Amino acid sequence: MSRIKACFDRLKAEGRGALLPYLEAFDPDYETSLALLRQMPEAGADLIEVGVPFSDPSADGPTIQLAAQRGLKAGATLKGVLELIHQFRQGDDHTPIILMGYYNPINHYGVERFCKDAHQAGVDGLIIVDLPPEEVEELAPYAKAEGLDIITLTAPTTPDERLKTILKDASGFVYYVSITGITGTRSATEEQLRAAMTRLRGATDLPIVAGFGITTPEQARTASRISNGAVVASAIIKEMAATYDEQGRATAASLPTALEKIRSLAKAVRG
Amino acid sequence: MPTNTPITSQLNSLRTGPDERGHFGIHGGRFVAETLMPLMLELEKAYAHAKTDPAFQNELDYYLRHYVGRPSPLWHAKRLSETLGGAQIYLKREELNHTGSHKLNNVMGQILLARRMGKTRIVAETGAGQHGVATATVCALFGLECEIYMGATDVERQKPNVFRMHLLGAKVHPVTAGAGTLKDAMNEAMRDWVANVANTYFLVGTVAGPHPYPAMVRDFQSVIGTEAREQIQEQTGRLPDAVIAAIGGGSNAMGIFHPFLDDAEVPLYGVEAAGLGLDSGKTAASIARGTPGVLHGNRTYLLQDDHGQITEAHSISAGLDYPGIGPEHSWLHDIGRVNYVSATDQQALEAFQTLTKLEGIIPALESAHAVAHAIVMAPKMEKSQTIIVNLSGRGDKDVPTVAAHLGVKL
Ligand SMILES: Cc1ncc(COP(=O)(O)O)c(C=O)c1O
Chain W
1 MSRIKACFDR LKAEGRGALL PYLEAFDPDY ETSLALLRQM PEAGADLIEV
51 GVPFSDPSAD GPTIQLAAQR GLKAGATLKG VLELIHQFRQ GDDHTPIILM
101 GYYNPINHYG VERFCKDAHQ AGVDGLIIVD LPPEEVEELA PYAKAEGLDI
151 ITLTAPTTPD ERLKTILKDA SGFVYYVSIT GITGTRSATE EQLRAAMTRL
201 RGATDLPIVA GFGITTPEQA RTASRISNGA VVASAIIKEM AATYDEQGRA
251 TAASLPTALE KIRSLAKAVR G
Chain X
1 MPTNTPITSQ LNSLRTGPDE RGHFGIHGGR FVAETLMPLM LELEKAYAHA
51 KTDPAFQNEL DYYLRHYVGR PSPLWHAKRL SETLGGAQIY LKREELNHTG
101 SHKLNNVMGQ ILLARRMGKT RIVAETGAGQ HGVATATVCA LFGLECEIYM
151 GATDVERQKP NVFRMHLLGA KVHPVTAGAG TLKDAMNEAM RDWVANVANT
201 YFLVGTVAGP HPYPAMVRDF QSVIGTEARE QIQEQTGRLP DAVIAAIGGG
251 SNAMGIFHPF LDDAEVPLYG VEAAGLGLDS GKTAASIARG TPGVLHGNRT
301 YLLQDDHGQI TEAHSISAGL DYPGIGPEHS WLHDIGRVNY VSATDQQALE
351 AFQTLTKLEG IIPALESAHA VAHAIVMAPK MEKSQTIIVN LSGRGDKDVP
401 TVAAHLGVKL
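Chains as they are written, first to last, in my numbering: chain W, 1 to 271; chain X, 1 to 410.
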């Protein structure tokens, strides 16, 4: 059974939703992001989203844009990100890892080789922001062959009819982009989220996670209960980045700050 | 294409693209976030409907004639031709359009479409500021809210246009991400759009972006080539021996090329900005030095590094300073129908001065790249041959930049 399915089955038995913290690979350097990745499960991460830095993150707000810039400055490449995950897998064989990024670095790497290497490194799922169902066929057969779930994105703008068609072949879980907007800006209200889940549940039996604009433990708790999981990205990165020195390097406070934020989110999700 | 055209001639035509999914060969497509995807489908539908609605065509024709000032003349540049001693050069005078460039052709079409779609707020990206000015102009004309995203570097080097946009009532947002040029402005405009989908129309300024933008912008710009093709036959009795246009995203080039695509005997030249030189690392020539990749909603030739990160373009001309090119051009390059060549910053500066002195026409630095290639080609051709150069814009906006390069303090 895939790690993603095993994880959601276990959480269902526990009667709670998932916490999916996000980290930008190589932010602000390889070692720090590897250390953070390794300690995330113990701090309460159920699944982890690893962001692949890209030069033109057009769906991201300022926080993740800056994180991507720091990552690239520290030498991030897609190959390097897979190496990071490979290292992590040496000590953790059960926490699902979802790669999140833009299509061009994958396209450039070569989709077939990428799917092979990603599977080998221990990646479980892919969220590719700018590869909609209309274009996904060029990647899907290779991902499927390697047992990688391509996570389908849904949005408030997705009409019901379209939900049915794009979720027909979805696997792993479904990601609900809970606002119309970029990462780290506004948040959805509880009512909006509830209405969206009713729409989505009519179109899929897969677990649904909500992301974009989830900042506080309170919001994470609400979102993880209405849906099956809450993704938190900018809020963690922002607090961690506040501990960097003037050159944007990690300090002694960086890791503990990020982990503390994850602990408080996890406590709320489990509480 | 008229419905009575025989199937065989449609099959042989290079003018029928893209396919129903927006692909030109391997290029094009719709690589956008899910939030935007339903909007792309809606836009595609709205445009397909407008395109076949005579009322829309009539309305567009009315504004093109009485507001934009079409048709634009085709000018036989006799002194330039004589001085070069070869082919006769004809300038398609898009710089005479209202607002001073070809950009208004496209903007007029899209603003009418946006109004049909009931959108009340317009966002646009701009490089040189010509597209921003054109967009701000029609927003003033129709009383629509207008937000323009412009790289901070470009805000600095195109100050006259920034002030024009302010006067027209637009809000100009300088974008500091990256090198602060057109690519970064495009990212930021997309971020605004995704956050304001309900009332906002994204008015793309070139033949790039997700389907249907490349095809739609081409259609609106094709008026350039349709006119030029008739005008050159009127004036010389035959088709030209070359057509030359500068390439940023490629809208003025696609506009003049498209009506000539099926005239196999007419060679077409797209002039990319070589910047400091093709191998200087400071270039904007995405076909000459790029590889296929995916950016801003489409697959096309891009300047990128070994890891698929987009690299910064460089050109003296803000309007050409973009690491990509419209997907239809990438396809036309792959099949060999259009020749993609380049001109350096230095060549463009020289062409800028030559055209100004010999014809009394100050070209935009963008258009000066096309003129520069005519200066290279014309002397090698017969005096009886003809070249059409698309003079996409006027150079008033570039006077400060050129002065600085010539060491003149204004
Ligand atoms: C006068 C002029 N020509 C050409 C261009 C390049 O754009 P495109 O290649 O889309 O025609 C610009 C863009 O700003 C421009 O202002």
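Backbone N, C-alpha and C fix where the C-beta goes; we use that ideal spot for every residue, glycine too. It should be emphasised that the depicted structure is a prediction, and the values quoted were computed from it without experimental measurement.
Which residues DSSP lists as bridging residue i, in chain order
i	result
residue 70(X)	According to DSSP, which records beta bridges pairwise, residue 70(X) is partnered with nothing at all.
residue 200(X)	121(X)
residue 344(X)	275(X)
residue 338(X)	268(X)
residue 149(W)	125(W)
residue 150(X)	126(X) and 174(X)
residue 88(X)	386(X)
residue 292(X)	301(X)
residue 154(W)	176(W)
residue 21(W)	232(W)
residue 24(X)	27(X)
residue 310(X)	304(X)
residue 75(X)	91(X)
Run of the alpha helix (DSSP H) containing residue i, from where it starts to where it stops
i	result
residue 404(X)	399-405
residue 42(X)	37-51
residue 186(X)	182-195
residue 365(X)	365-377
residue 300(X)	Premise fails: residue 300(X) lies in the beta strand (DSSP E), 297-302, not in any alpha helix (DSSP H).
residue 58(X)	54-63
residue 245(X)	Not the alpha helix (DSSP H): residue 245(X) falls in the beta strand (DSSP E), residues 242-247.
residue 240(W)	234-241
residue 392(X)	Note, residue 392(X): premise wrong, no alpha helix (DSSP H); not H, not E.
residue 254(X)	251-257
residue 198(W)	190-201
Given residue i as reference, the closest of the options once Cα atoms are compared
i	options	result
residue 88(X)	386(X), 369(X), 214(X) and 210(X)	386(X)
residue 74(X)	225(X), 314(X), 49(X) and 22(X)	225(X)
residue 218(W)	261(W), 125(W), 70(W) and 163(W)	261(W)
residue 11(W)	167(W), 47(W), 238(W) and 151(W)	47(W)
residue 132(W)	268(W), 228(W) and 151(W)	151(W)
residue 40(W)	244(W), 20(W) and 56(W)	20(W)
residue 277(X)	315(X), 24(X) and 250(X)	315(X)
residue 309(X)	292(X), 80(X) and 318(X)	292(X)
residue 220(W)	189(W), 241(W) and 31(W)	189(W)
residue 117(W)	241(W), 179(W), 148(W) and 102(W)	148(W)
residue 285(X)	340(X), 328(X), 53(X) and 373(X)	340(X)
residue 38(W)	91(W), 57(W) and 197(W)	91(W)
residue 271(W)	170(W), 176(W) and 15(W)	15(W)
residue 321(X)	353(X), 42(X), 274(X) and 231(X)	274(X)
Distance CB(residue i)-CB(residue j) smaller than 7 Å
i	j	result
residue 223(X)	residue 106(X)	no
residue 211(X)	residue 30(X)	yes
residue 174(W)	residue 224(W)	no
residue 35(X)	residue 194(X)	yes
residue 343(X)	residue 399(X)	no
residue 193(W)	residue 226(W)	yes
residue 84(X)	residue 370(X)	no
residue 66(X)	residue 103(X)	no
residue 81(W)	residue 52(W)	yes
residue 190(X)	residue 172(X)	no
residue 237(W)	residue 125(W)	no
residue 133(X)	residue 297(X)	no
residue 220(X)	residue 109(X)	yes
residue 250(X)	residue 325(X)	yes
Endpoints, the beta strand (DSSP E) within which residue i is located
i	result
residue 18(X)	Counting along the chain, residue 18(X) falls outside any beta strand (DSSP E), and DSSP gives it neither H nor E.
residue 209(W)	208-211
residue 49(W)	48-51
residue 100(W)	97-101
If the cut-off is 9 Å on Cβ atoms, which residues from the segment 36-49 of chain X count as contacting chain W, listed in chain order? 36, 37, 38, 39, 40 and 41
Closer than 7 Å between beta carbons: that is the criterion. Which residues of the segment 99-128 of chain W meet it against chain X? 103, 104, 105, 107, 108 and 109
Got a sec: which bits of the segment 201-227 of chain X sit with their beta carbon under 7 Å from any beta carbon on chain W, in order along the chain? none
Any C-beta of chain X within less than 7 Å: which residues of the segment 59-73 of chain W qualify? 59, 65 and 72
Which of the residues in the segment 152-170 of chain W, read from start to end, lie with their CB under 7 Å from any CB of chain X? 153, 154, 155, 157, 158, 159 and 162
With 9 Å as the limit, tell me which residues of the segment 176-199 of chain W have their beta carbon closer than that to any beta carbon of chain X; keep them in chain order. 177, 179, 180, 181, 182, 185 and 186
Chain-ordered residues of the segment 297-311 of chain X with a beta carbon less than 9 Å from chain W: 297, 299, 302, 304, 305, 306, 307, 308, 309, 310 and 311
Which residues, taken in chain order from the segment 171-186 of chain X, show a beta carbon closer than 9 Å to some beta carbon of chain W? 177, 178, 183, 184 and 186
Please name the residues in the segment 284-298 of chain X whose beta-carbon is closer than 9 Å to at least one beta-carbon of chain W, in chain order. 291, 292, 293, 294, 295, 296 and 297
Give, in chain order, every residue of the segment 73-91 of chain W whose Cβ lies closer than 8 Å to some Cβ of chain X. 77, 78 and 79
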